[in-house]
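Novice: Each residue of the sequence shown is one higher than the one before, starting from 1 at the first, in full-length UniProt numbering.
Structure incoming, see below.
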Amino acid sequence: MLPAHIKAKVVMDSTHKSEPFCDAEIELTFGPQKIHFYVEAKRIHRKESLIPLFEHAGPNTLLICNGLSKFLLEQCQQNSLNVIDSFGNVSIQADHVMIWAQQTKAIEDTPQPTNISRNSLMSEGVCKLLFTLAAAPHSIKSTYRELADMANISLGMVSKALKLLAEAKVVSIKPKRILDKERLIQLWLDSYRMTLRKSLGGIRVTYPTSWQNISLEQDDKWGGEVAAEQLTAYLNAHDWQLFTHIPLQKKLAQLKCRPDAEGNLWLVPAFWGKSLKWSDRTQALLAIAELEASLDSRNHETARMLHEQYLSTKATN
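Here it is as structure tokens:
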């Protein structure tokens, strides 16, 4: 994300601290000059996510985050908040040094999975089946029609996906069983981050009160931070993701909200079929995938906790 002539050395902090700018330390080097920063790694969707950082911002603090809108980038500059985002935008003013770089095209901000084919195991159809199999490992023994209904994919996609997973030695088709449960889960997390999340669509809105006040339909399911808060007492959700089978315009009417690109609530069409049985494990898979896709260190820590509690071999149903 930095200009080529600037080098960065990062030291991660594995201990959790509640104060801002304690996620890591980074040293930027350009020519003979070195500048040390204390880092806050965080996903930013709206101005309210930035406000707590403004009062702690200083010449030697740095926000590293997802790609920012022009408005949010200007807010950082106006409040002297040094920032590097995943689009490649850089705004740093420290120790008599100013670094400014603006990109017009988004840059891929997530690591590429290794030893897998992006064009095969990372496809949307395979991703949906991975979610079903990870949520309900026993479903591998279901008929192709039942799997298609649970994963919300075609019969042909079920056959193709199982063949690809069998070739990768993740599942066996004859007999039907999962061979590598841990890799199956990791493939789901990778494919959500790399492929499915980008195609979810949905609408962002601003909801004025707590997420607990939102009335849910039977098949509405929370993802991300809210799902994590429901499963643990560790995280207080600030960015809300709600999956629904209801048409989004109808859901907007129910909530009496208008679309807002910087809103705190992300309404998303549910990508799975209604026949998929829901459990805490299913909820955890949905939560972890979104938490890991964020740049927030506390979200990553929560994801690890959920993985250990709900997705370990001992927790498998």
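Built from N, CA and C at the ideal position, the CB exists for glycine as well.
Values in this document were obtained by computation on a predicted structure and should not be read as measured data.
Using a 10 Å radius around the Cβ and a threshold of 16 neighbouring Cβ atoms, would you call residue 285 buried or exposed?
Specialist: As a first step, residue 285 must be located in the sequence shown, where it is residue number 285. The residue is buried, with at least 16 neighbouring Cβ atoms inside 10 Å.
Novice: If you reduce the DSSP assignment to three classes, tell me which class residue 29 lands in.
Specialist: In the sequence shown, counting from the first residue as 1, residue 29 sits at position 29. Correct three-state label for residue 29: strand.
Novice: My assumption, with CB atoms under 8 Å, is that residue 150 sits in contact with residue 272. Please give the rounded CB distance.
Specialist: Along the sequence shown, one-based indexing puts residue 150 at 150. Along the sequence shown, one-based indexing puts residue 272 at 272. Rounded, the Cβ-Cβ distance is 7 Å, consistent with contact.
Novice: Looking only at its chain, what residues have a beta carbon closer than 8 Å to the beta carbon of residue 306, apart from the 5 residues adjacent to it on each side?
Specialist: Stepping through the sequence shown from its first residue, residue 306 is reached at position 306. Cβ within range, chain order: 228, 231, 232, 284, 287, 288 and 291.
Novice: Straight-line CA distance for residue 47 to residue 207?
Specialist: Here residue 47 refers to the residue found at position 47 of the sequence shown. Here residue 207 refers to the residue found at position 207 of the sequence shown. The C-alpha of residue 207 is placed about 15 Å away from the C-alpha of residue 47.
Novice: What's the gap between the Cα of residue 297 and the Cα of residue 41?
Specialist: Working through the sequence shown from its first residue, we reach residue 297 at position 297. Working through the sequence shown from its first residue, we reach residue 41 at position 41. Going by the C-alpha atoms only, they are around 6 Å apart.
Novice: Going residue by residue through the stretch 125 to 154, where are the continuous beta strand (DSSP E) segments of at least 3 residues, counting only ones entirely within it?
Specialist: Listed in chain order, nothing qualifies, since the stretch 125 to 154 has no complete beta strand (DSSP E) run of 3 or more residues.
Novice: On the DSSP bridge assignment, give the partners of residue 171 in chain order.
Specialist: Residue mapping note: residue 171 aligns to position 171 of the sequence shown, counting from 1. Its beta-bridge partners are 178.
Novice: Would you give the residue range spanned by the beta strand (DSSP E) that residue 91 belongs to?
Specialist: For this step, residue 91 is matched to residue 91 along the sequence shown. Run containing residue 91: 90 to 94, per the beta strand (DSSP E) assignment.
Novice: DSSP has residue 157 in a bridge; who is on the other side?
Specialist: Here residue 157 refers to the residue found at position 157 when the sequence shown is read from its first residue. Bridge pairing for residue 157: absent [DSSP].
Novice: Specify the secondary structure class of residue 24 as computed by DSSP and reduced to three states.
Specialist: Position 24 of the sequence shown holds residue 24. The answer is strand: DSSP assigns residue 24 an E or B state.
Novice: Specify, as a first and last residue, the run of the beta strand (DSSP E) that residue 282 falls within.
Specialist: The count along the sequence shown starts at 1 and reaches residue 282 at position 282. Per DSSP, residue 282 belongs to no beta strand (DSSP E); it is in the alpha helix (DSSP H), 280 to 293.
Novice: By the DSSP assignment, the beta strand (DSSP E) with residue 243 in it spans what residues?
Specialist: Counted from its first residue, the sequence shown places residue 243 at position 243. First-last of the beta strand (DSSP E) with residue 243: 240 to 244.
Novice: Go ahead and label residue 123 buried or exposed: buried means 16 or more other beta carbons lie within 10 angstroms of its beta carbon, across all protein chains shown.
Specialist: Position 123 of the sequence shown, counted from the start, is the residue given in the question as residue 123. Looking at its Cβ environment, which holds 16 or more other Cβ atoms inside 10 Å, residue 123 is buried.
Novice: Under three-state DSSP, which class holds residue 318?
Specialist: Residue numbering for the chain in the displayed model covers 1 to 317; residue 318 lies beyond these limits and cannot be assessed.
Novice: Just to confirm, is the Cβ distance from residue 161 to residue 200 under 9 Å?
Specialist: On the sequence shown, position 161 is the one that residue 161 refers to. On the sequence shown, position 200 is the one that residue 200 refers to. Their beta carbons are not under 9 Å apart, which means residue 161 does not touch residue 200 by this criterion.
Novice: Compute the beta-carbon to beta-carbon distance between residue 260 and residue 204, rounded to the nearest angstrom, for a pair I have assumed lies under 8 Å.
Specialist: Taking the first residue of the sequence shown as position 1, residue 260 is located at position 260. Taking the first residue of the sequence shown as position 1, residue 204 is located at position 204. Between residue 204 and residue 260 the Cβ distance is about 6 Å, and since that is below 8 Å, they are a contact.
Novice: What residues match up with residue 41 in a beta bridge as DSSP calls it?
Specialist: On the sequence shown, residue 41 is found 41 positions in, with the first residue counted as 1. Beta-bridge pairing links residue 41 to 64.
Novice: Return the bridge partner residues of residue 266 from the DSSP annotation.
Specialist: Along the sequence shown, one-based indexing puts residue 266 at 266. Paired residue(s): 204 and 241.
Novice: Could you tell me the alpha carbon to alpha carbon distance between residue 216 and residue 137, rounded to whole angstroms?
Specialist: Numbered from 1 along the sequence shown, position 216 holds the residue referred to as residue 216. Numbered from 1 along the sequence shown, position 137 holds the residue referred to as residue 137. Using only the alpha carbons, I get a separation of about 27 Å.
Novice: Should the stretch 58 to 67 be regarded as contacting the stretch 85 to 95, the criterion being three or more beta carbon pairs within less than 8 Å?
Specialist: The stretch 58 to 67 vs the stretch 85 to 95: in contact.
Novice: Indicate the three-state DSSP secondary structure (helix, strand or coil) for residue 260 in the structure shown.
Specialist: By one-based count along the sequence shown, residue 260 stands at place 260. Three-state result, residue 260: coil.
Novice: Can you tell me whether residue 264 is buried or exposed? The criterion is at least 16 other CB atoms within 10 Å of its CB, across all chains shown.
Specialist: Counted from its first residue, the sequence shown places residue 264 at position 264. Residue 264 is buried by the Cβ-count criterion.
Novice: If we count the other Cβ atoms within 10 Å of its Cβ and call it buried at 16 or more, is residue 45 buried or exposed?
Specialist: Along the sequence shown, one-based indexing puts residue 45 at 45. By the neighbour-count rule (16 or more Cβ atoms within 10 Å), residue 45 is buried.
Novice: Can you list, in chain order, the residues of its chain with a C-beta nearer than 6 Å to that of residue 34? Leave out the 5 residues immediately preceding and following it.
Specialist: As a first step, residue 34 must be located in the sequence shown, where it is residue number 34. 27, listed in sequence order.
Novice: What residue does the beta strand (DSSP E) around residue 51 start on, and which one ends it?
Specialist: Indexing the sequence shown from 1 puts residue 51 at position 51. Here residue 51 belongs to no beta strand (DSSP E); instead the alpha helix (DSSP H) covers 47 to 54.
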